[in-house]
Amino acid sequence: MYSCSSVLRLATGVLVAVALAGCPEQKVSVTLETPTIFPLPDAVNTNPLRIFGGKPAGTQVIVLVDGQDALTKAGDIDDTTSWSFELPLRDGRNRFALVARDAADNLSEPSAPVDVELDTEAPPAPVVDDPVGGVSCTNLCAFRVVIPLGQTEVTLTLRGTKAAGASLHVNDDAVLPATDTATTWEHPVTLTADGASLRLSSRDVAGNESAVIDLSITAGGDIDPPAPPTVDGLPADLRLAAGEASRLVTVTGTKDADTSVHLGETQLVVWDAETTWTASVEIRPGENRLSFVAKDGAGNVSEAQAASCYGIAFMPAPTLDTAPVATNASPVTVGGTKPVDLVATGVALRQQGSTTWAPLATIDNSADWTAELAVTRTLTFFLAATNERGDVGEEAGPFTIAYDVTPPTPPTVDPIPLVLVSSGSTATIDVAGDKDADATVIVERLPVGSGALVTAEQDPADATRWTATVTAPLGDSSWHFTAVDRAGNVSSPVEESVTARIGLAPPSVSLPDRSVNTTTVTLGGARPRGVSVYFRREADAEGTLAFRGGDAAQPTVVSTVYSFEFALSEEGANRFFLYTEDTGRRSVEIGPLTITRDTIAPAPPLIVPPPAQVDLPQLTISGTKAEVRNQVCVKSNGEPSCRTVAASSAPLNFEIVETLRDGENSLCFRSIDEAGNVSIDRCVLTELGAAPQLTIKSPNQGQVVSTADVEIVVEAFGSTTSPIATVEACLSAVCDEGVLNADPATGLYTIAVTLPRVAETTRFALEITATNDAGRFTSDVLEVLYFVKPLEVYSNPVARVRQLSDKVKVAVDDVGTIHIVWIDNCFDGPNASDCSVPFINDGSPPIGKQLFYARSDGASFDDVVNLSDLPGSANADQPAIAIDAFGDVHVVWVDQGTIGRESGSTDLDLIHRVVSGIDGTAGPPRLLTVDAALPVNDNAPSLATDALGRVHLAYVSTNQNLQAIVQYRMYDEAIWGSAVQLTDRVDVSVANAGAPPSPSIAIDTVSVDAVPFVAWREKASSATPGDVKLRAVGEQLGAVVNISNDDADSTEPDITVDAAGFVHVVWRDNPLGDAPLHYRNYEPLAGAGSPLSPTFDVSAGGSGAQGAAVAVNNDTGAVLAVWGERPCGGTLSASCTSADPQLTIYRSVFDGTAFTTPTPLLGAALSSKYANDAKVRVRSPLDVAIVSGQNAYYVWAITDLRNTGSTDDDDDVWMTIQAAP
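When we follow numbering that gives the first Met the number 0, the leftmost residue of the sequence shown carries the number 0, and every step to the right adds one.
Rendered as structure tokens:
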């Protein structure tokens, strides 16, 4: 029943206020606010459910439940703005809405429906997966977690399952909300050594909680052992080789990850994450029982994995040192040595034909073994060492022990003659006879057991003969002779009688062992003391006295020896007897004795005739001897002695290999019989064809080649019967064959060879061989020097003040060794910073400029030697070099120090030093100053040597007024001669700051006395130009010859003398103008003709020529000039670009009529290093030397001013080699 004011739910669910019939009219208002409710969970597990919220003041809240038209008041109408209500619920979903009502029954809009589910059923408990064992648990769970080695804690992620829509609580803390729809979960837990106890449960959104799972986790080090490793690759047996005490064997296997593998206490594999392993284990002789384990990082050890390998030691074969050759009894004792170095061994035996080894000697550690061996038949066997397991080593054998029970044949006894002795009670008797070859004869005097037992000796030449010496008593005695074989069987005895009497003993005698070809022989031997010796020829009835005893004239009366000359009266056998005789006594005769006289020459050997002509020098000749016992000897080409030909395996045949000489050969053979008789010669003739003739035409020996492709021309001729087959050149087993020129009669072959590009400078030795069609050959060696570009002799590496490589000189000896000297400042001494200041050295290393020396084979240079590294040396300068006839190097230089003086001024002195041509060692310095007390400066030395081993020196002496003269001295047999003044007048050019005299010396090798020629520059006054003068220095000075003879100022002469006696001179003319290089030659023996040639302009219009040098090739007569030349009129001016070098090197060749056009010596060879910069200067002077028929050697110095200006120079010394013109 409704009140007058009611709320109705429409079909749409909307609540409205209505006025019921019969009730007073009500005023309806819908302006009330809808009440609010505090948010509720989707599900709850409590009933009734307390709900609350807000409302308008002056209203009450009406709750409409599940759309029922029942009105439930949540409190009275009041002025509060909140409300609460205990709402009874039913299981499952409950839906309700709220409406506010005031006192006038005005109703608000209904609230949105609210759904709440009543759920009182607990969710299932979560499930925990065991992170260690992998087994899930749903009640009490406990497991252990390993904390890795070296850590104090570990993070463990727990995982499991739960109901969807259920939370996960750990120790009442929600780690996953109830709204989580997942059915799996995980949760990290950080564990220390204390472990952890956890309570896990699930709760649904209604707040129902599942059963609790108690989880106990203990943590600590790993205590679970890893799985044992597996082992593969280990053989059951391993036989060691000789010399091996053990062997490493590679084994493999598997293991747990993060484990190591150990063999006993030895770690084989370090801890790693791999699951396979490989290692080497040592196998020793014997049983190797191995136990492998795995260890994890926590130190847990797996169960042992057992494996074994038996090492079979190498056992050398035993020796058999004790064993009978034959036996007639069994067993026999055998023994020897066996190996025990590695293992205890025994000895095993294998019979021939069997593969079974039977133990023989006990296994022990003794190196000696013995055993008893049963022998019931002839036994052939092998022995081997054996170990405890029965393995056998190397075998020895076969050995044989014969089983023999048959007695040997009794021996025979030669007739025993009556024995006479001069005194005593016994006689020594020699007995002999025949026997079986393998038997031994025992001689025993009867009765048996009397002690007189002798073992006979076997005749070395005849195994069936035996001899023995017995001592018999005087009178008659009986003796048994029995044979004993190697098995110990004894023959029946043979009984013989021996008779010895007092009487005279016969002599003994030594006879020749072969025939003789003389008419007499000397015989001798032993005799009783003091008796005479007689001989009786077989045809004679009476004997002849041979040696008289007891004669006072013979001092042999007390001797027991004799000798005499026995005449051989018959050709062939001479038979005779010997006996002794004394007063009333005569011995029995010994004999018949035979000496064969043979004086008949044997027949010569038969020779297989050799070919009449052969082409190979080794000739094999064979032949046949006339008799087996003859010797054969051979004489070749009339040599004085006859050489014995060695016997061959065939008794009658012989063979000899003779080395023949070219042309006819006579070989004569002789027979020599055993008596020494020599046959006539049997000679054969044969002719050896000549070996090929070989001449290397080009290039010359030792010549420079500048390309790898070399054309070699050789001349080769064979004989008519053996023409040339091949001509080839070989280098390191690589051969190139020559091609015959178009005209075969010339015999010229051209061989194209490509040298290997080993280095830019390399010396090659090529073997040139000509072979004829018979295989004979002639060889020669051609040496060439592969020289591509200039070779840096020395580069000054010291970045100090004024490094100045300068004044380079060169000489080349007969074997092609190159010797170079030069001057340099501040090489690397402690006084380098003071090198620009000249002062006397006080004993410290040299100061200022220093003199350096180096030598080369053309391919590289030896270490640089400081020749002025001497106490007292200072500012070495102006070196000169020459090589004497003995190969020693002479160097003279100017020094401003006190070498050779205890004190003195700083005058310039000449110092001489000799460098050994053998080992490069430098001898002591020698001061050449004539009078050290005079204020004279000696300078500008020039050297030359002659074929007699003498050294010639020209130099300048300048007095205190700076007036200069040229002088000459000669060095002969280690003594310097007196100075000879060469200039007629004093040169005053020095005083006027002009050019110095600059002498140059050369030797005329045509003259018998090797006359020196000296050229110099002479200037009489400052107003007159200087001239080049020339003078011969003989026993008397020659006349002074004016070489330049023009109005220009001539300086810097250089000379050489050729093999024809011509003197060649080059000089610089007019140094203040164009300064060309001029040349003239002088013929001392010109006779009525002019001795001077015309003057030639060598530089062909060039400018600034300076530092010139001249040399001559005596093979071709060509004269070579080399010089430096300044561009731009001789001075560096604005018209010269930076690309112009300060100094360029040119060369020109004079062929007797004119000089060739000058050509640059360097070309672009140094452009990469110096870039043709104007600050790169080729220093003057230059130098050149020629080895006639071979090469020309050029040297110069370069100053590089590009980097640091004029005070810091980078100096280099260079050499280049070209074929001589």
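Backbone N, C-alpha and C define an ideal beta-carbon position, used for all residues, glycine too.
The structure displayed is predicted, hence computed values, not measured ones.
Beta-bridge pairing of residue i - partner residues as DSSP gives them
i	result
residue 756	Answer is none; residue 756 lacks a bridge partner.
residue 666	635, 683
residue 617	658
residue 1190	1218
residue 252	276
residue 541	Its beta-bridge partners do not exist; DSSP assigns none.
residue 500	419
residue 93	115
residue 1122	1145
residue 913	889
residue 969	951
residue 985	DSSP, once it has assigned bridges, lists no residue as partnering residue 985.
residue 768	727, 778
residue 747	714
Presumed contact (8 Å Cβ cut-off) between residue i and residue j, rounded CB distance
i	j	result
residue 429	residue 454	Not confirmed; about 15 Å, so no contact.
residue 163	residue 203	That pair is no contact at about 10 Å.
residue 1276	residue 893	The structure shown does not extend to residue 1276, since the chain is modelled only from 0 to 1220, so the question has no answer here.
residue 875	residue 863	About 14 Å separates the two Cβ atoms, so there is no contact after all.
residue 207	residue 79	Residue 207 to residue 79, Cβ: 34 Å. No contact.
residue 101	residue 58	5 Å
residue 333	residue 370	6 Å
residue 809	residue 1182	5 Å
residue 785	residue 712	Actually they do not touch by this definition, with Cβ atoms about 18 Å apart.
Cβ shell of residue i (< 7 Å), same chain only, five flanking positions each side left out
i	result
residue 779	693, 695, 767
residue 746	714, 715, 716
residue 1167	Any reading at residue 1167 must be qualified, since the residue scores a pLDDT of 47, below 50, and its modelled position is unreliable; no value is offered.
residue 1205	Because the pLDDT at residue 1205 is just 43, under 50, the model does not fix this residue reliably, and the value given afterwards should be weighed accordingly. Answer for residue 1205: no residue qualifies.
residue 1041	1026, 1028
Same chain, Cβ closer than 8 Å to residue i, five either side skipped, listed in chain order
i	result
residue 1002	943, 944, 945, 951, 1009, 1010, 1011, 1012, 1056
residue 520	511, 564, 565, 567, 594
residue 234	248, 308
residue 44	117, 118, 119, 205, 206, 207
residue 1032	951, 967, 979, 981, 1010, 1011, 1012, 1013
Residue j beta carbon less than 8 Å from that of residue i
i	j	result
residue 425	residue 372	no
residue 1250	residue 604	Within the shown structure, residues of the chain are numbered from 0 to 1220, placing residue 1250 beyond reach of any answer.
residue 981	residue 967	yes
residue 812	residue 882	yes
residue 686	residue 662	yes
residue 434	residue 397	no
residue 364	residue 391	no
residue 588	residue 535	yes
residue 1065	residue 1097	yes
residue 772	residue 750	no
residue 629	residue 680	no
residue 471	residue 499	yes
residue 898	residue 871	yes
residue 769	residue 726	yes
Own chain, CB closer than 6 Å to residue i, minus 5 neighbours either side, in chain order
i	result
residue 112	94, 96
residue 228	252, 254, 260, 291, 293, 304
residue 528	559
residue 71	62
residue 1194	807, 809, 819, 1182, 1214
residue 718	688, 689
Under 8 Å: do the stretch 574 to 583 and the stretch 639 to 649 share three or more Cβ pairs, one atom per stretch?
Here the stretch 574 to 583 does not lie against the stretch 639 to 649, with fewer than 3 beta-carbon pairs under 8 Å apart.
Mind the definition here: the stretch 277 to 289 touches the stretch 344 to 355 only if three or more C-beta pairs lie below 8 Å; say whether that holds.
Too few Cβ pairs lie closer than 8 Å, so no.
Between the stretch 237 to 254 and the stretch 180 to 187, do three or more beta carbon pairs fall short of 8 Å?
As far as the Cβ criterion goes, the stretch 237 to 254 does not touch the stretch 180 to 187, which means the pair count is below three.
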